[in-house]
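What follows is a short report on a single structure.
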Amino acid sequence: MTYREDIDGLRAVAILLIVFFHAELQNVPGGFIGVDVFFVISGYLISTILLKDISTGSFSFRKFYQRRLRRLGPALLTTLLLTLITAWFLATPDSLKATSEATIAALFSVSNFYFYATAGYFDLSAYQKPLLHTWSLAVEEQFYLIWPALLFLLFGRLSKPALSISLLLVGTATLFAAEKYLATAPDRVFFLAPFRVYEFALGALIAITGAQARGRVMTNAVGLMGIILVIYAGINYTDRTPFPGVAALIPCVGTMMVIYAGPSAFANRVLGAGPFRYIGQISYSLYLVHWPVQVFYRFLNGRPHTPQEIIYVFGLTFLLAVASYYLIETPFRKKDGGRHKVSNNYLNWVCILIFLLLCTASALIIRSNGAPGRYPAEITALLSDRAQAIDDRPNLVRSELCQIHEGEYTVNPQTCAPLDRNDYIVVVGDSHAHGFYIGLRANYPDAAIIHLSSLGCLIVSRGPQDRLCAQYLQYAHNWIDENENLISAIIVTQSARAMIDTGFGGKRVPNWSALSTFSDRIDHMVPEAIPVFFIGPRHEFDPDIERAIILSKTRDDVRAFYDDATYPVEEAIDDWLMAHFAQTRTQYISSARILCNPNCPVLTDDDHVFVFDYGHWSLAGATIAVFEIVNALPRLTAILSDI
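Reading the sequence shown from the start, the letters are residues 808 to 1450 in the working numbering.
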């Protein structure tokens, strides 16, 4: 096929959107759509190559997959190897184990299934998964597995119009499926290939029909509008945009329009200019290295805040990508007189050996549970205690039936809120409310405590679970109204995350609008006759406790790890909430001011972890924290003493 410089430029736009998004630059909150741009491009390019080979009778599956291996294999295997080696020195045991599992998943092109299967509220954060980005490579590789066979079978048996209509119908069906399940199973729609078929189909349609804009005015208009749509989505979409689904059509159709416009369109000529073309040429290596660099930088230094830090991370990412392109990608792809300099046999054996090495090393790390023996005995003991705290948590809270799970919210009233008393303490909120519930149960084992909270559901709820969380909040509201005469007090607490926005370089700032909405909802959620206590959001550690533990050599080092930490955003939120609730019937207390004197507790006096991540209390931490907070609330103490 004829090389199109503008498509490399389009790749540049896609990869820059992705890199800027992962750097948390404020102006590209929708940069994640770069992956969708790549999917449309792949649909077009792979279909064009296949159609040419099939129509000339030169197609063979062996040749196709050998070409894919030569194009993708060496750089991917090198990235996996270097990532696993780096993780050995920098990653926590949980993260190293997960990285090893992800390595095996990437080797077998099932990363998307792996990350879908392991997604969960208490799963490792994205910034502890250096191979998270390989999910999209797996989706592409699954496309490569199925599409050549389908096109080989159908091309020639169906006319081009019939093939195009069939593809359009299949793509439309997958789009409807994605939109249908987006609200109830967002992880499934995001990670799994069937819900992305329509994106590849848009590119394939251009290849099958051979369509291209005609006329100078038309080509210029279509190309310009296409790139505007892509950039619009990158700038205006956010983590609250329901995505993929119908929302993905804007960047995907925009990509389709750029391809359709052809290389002569003005916007396409700009895309084909030197800088864009070059970044597009190294875009695969840039994609491979950018996320491990982000993750490992944060392992060592936390989130890059300043412009200098962000430029440093960008520079390192670019240098590694250039090195990968010239030292790994190019030598394996380079031809001499029409033949590759590196033979297929040599390429295959190198890939097989690295494949086996990675499988063996990963399996050994998984078997050792992340090799915790890399650390001193005191640190290993703390890591074990933290792991135990996580394992214990499900047994300390309500049945899974009472949570949002598997894309559903179902409630069994007798299991979730049994009515056999008339003096209930009701705890409302998110997973932080779980911790308060655990602490109340530990300190007041005879009290009747109802737990109306669910993982990730905030009283100011934002994100793909909004619909389910609205059901939970409505259930909680209705239950309180129906059982008003049985309730002695209501305790509300939740994470500050819904009250915080992220700005340039990940800088956190209070979301004053969310704060106002949050306080209004509390004021209207609880009947006038019931005492309400709002426990202010706690300070959240960055990096989290596991990172603090492995960067320390002794327990005392862990205790002192956050001594210099400051929490200006949390303190500003605390001050606002305190001032607001001072004028309402809700009694507000700052958990941070009670517990952090001056430093927030990391370990208990008997060397148990106080939190097991950035801020969720362990059983030991919850027991101490709730005791201190309740003792600072005489009215709540009196209520608990009387029941």
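Glycine residues also receive a C-beta, built at the ideal position from the N, C-alpha and C atoms.
Measure how close the beta-carbons of residue i and residue j come, nearest whole angstrom, since I'm counting them as under 8 Å.
{"i": "H1239", "j": "R1345", "result": "7 Å"}
{"i": "I1307", "j": "P1317", "result": "6 Å"}
{"i": "L1203", "j": "V1235", "result": "Not quite, the Cβ-Cβ distance comes to about 18 Å (not below 8 Å), so this is no contact."}
{"i": "Y1231", "j": "E1347", "result": "With 8 Å as the limit, Y1231 and E1347 do not qualify as a contact, their Cβ atoms being about 30 Å apart."}
{"i": "R1442", "j": "P1338", "result": "7 Å"}
{"i": "E1377", "j": "A1305", "result": "That belief does not hold up - the Cβ atoms of E1377 and A1305 are roughly 13 Å apart, past 8 Å."}
{"i": "A1074", "j": "L1123", "result": "With a Cβ gap of about 31 Å, A1074 and L1123 do not count as contacting."}
{"i": "I1186", "j": "K1360", "result": "7 Å"}
{"i": "H940", "j": "Y1094", "result": "7 Å"}
{"i": "A1439", "j": "I1396", "result": "6 Å"}
{"i": "I840", "j": "A1040", "result": "5 Å"}
{"i": "I1342", "j": "I1298", "result": "6 Å"}
Skipping 5 residues on each side, what residues in its chain have a beta carbon closer than 7 Å to that of residue i?
{"i": "F896", "result": "none"}
{"i": "N1043", "result": "G837"}
{"i": "Y1251", "result": "L1447"}
{"i": "L824", "result": "V835, G838, I840, G841 and G1041"}
{"i": "K967", "result": "I1015 and T1016"}
What are the partner residues of residue i, as DSSP defines its beta bridges?
{"i": "F1341", "result": "V1299 and Y1395"}
{"i": "Y1231", "result": "I1294"}
{"i": "L1171", "result": "Per DSSP, none; premise fails for L1171."}
{"i": "D1308", "result": "V1316"}
{"i": "I1256", "result": "I1232"}
{"i": "W1424", "result": "V1418"}
Return helix, strand or coil for residue i, following the three-state DSSP convention.
{"i": "I764", "result": "This structure gives no information on residue 764, because the portion of the chain shown stretches from 808 to 1450."}
{"i": "R1023", "result": "helix"}
{"i": "S1261", "result": "coil"}
{"i": "H1239", "result": "helix"}
{"i": "I1034", "result": "helix"}
{"i": "F962", "result": "strand"}
{"i": "V1409", "result": "coil"}
{"i": "H1147", "result": "strand"}
{"i": "V1129", "result": "helix"}
{"i": "G1270", "result": "Caution applies to G1270, whose pLDDT of 46 falls short of 50 and renders its modelled position unreliable; the value that the coordinates give is listed next. In this structure, G1270 counts as coil in the three-state DSSP scheme."}
{"i": "V1416", "result": "strand"}
{"i": "A1080", "result": "coil"}
{"i": "N1108", "result": "helix"}
{"i": "D1382", "result": "helix"}
{"i": "K904", "result": "helix"}
{"i": "D1452", "result": "Nothing about residue 1452 can be reported from this structure: the residues present for the chain run from 808 to 1450 only."}
{"i": "C1158", "result": "helix"}
{"i": "V977", "result": "helix"}
{"i": "H1097", "result": "helix"}
Kindly indicate which residue of the options has the alpha-carbon position closest to the one of residue i.
{"i": "K987", "options": "T1167, P1138 and F1050", "result": "F1050"}
{"i": "G1180", "options": "H829, A898 and I1287", "result": "A898"}
{"i": "I1135", "options": "G850, A882 and L817", "result": "A882"}
{"i": "R875", "options": "S849, I861, T1324 and I1118", "result": "S849"}
{"i": "C1264", "options": "P1252, A1255, Q1278 and I1256", "result": "Q1278"}
{"i": "A1255", "options": "Y1282, I1294, H829 and W1286", "result": "I1294"}
{"i": "R1110", "options": "W1383, L1190, R1354 and A1170", "result": "R1354"}
{"i": "A1336", "options": "G1022, L884, N1292 and T890", "result": "N1292"}
{"i": "V1096", "options": "G880, L1358, T890 and S1320", "result": "T890"}
Among the residues of its own chain, which have a CB less than 8 Å from the CB of residue i, if the five just before and after it don't count?
{"i": "I1446", "result": "I1232, S1295, A1296 and P1338"}
{"i": "I861", "result": "L958, F959, F962 and G963"}
{"i": "A1389", "result": "Y1395"}
{"i": "G1079", "result": "R811, E812, D813, D815, G816 and P1070"}
{"i": "L888", "result": "I1161, L1164 and L1165"}
For residue i, which residues of its own chain have a beta-carbon under 6 Å away from its beta-carbon, when the five flanking residues on both sides are left out?
{"i": "H829", "result": "Q1101"}
{"i": "L989", "result": "V996, P1049 and G1052"}
{"i": "Y1104", "result": "V1120"}
{"i": "S916", "result": "A945 and E948"}
{"i": "F1419", "result": "R1193, A1196, I1197 and S1425"}
{"i": "L965", "result": "none"}
{"i": "L943", "result": "Looking at the sequence itself, residue 943 is Ser, so the reference to Leu does not match. Cβ within range, chain order: V842."}
{"i": "A1072", "result": "T1026, N1027 and G1030"}
Consider the Cβ of residue i: report whether some Cβ of chain D lies at a distance smaller than 8 Å.
{"i": "L1095", "result": "Of the chains in the structure shown, none is chain D; there is only one protein chain."}
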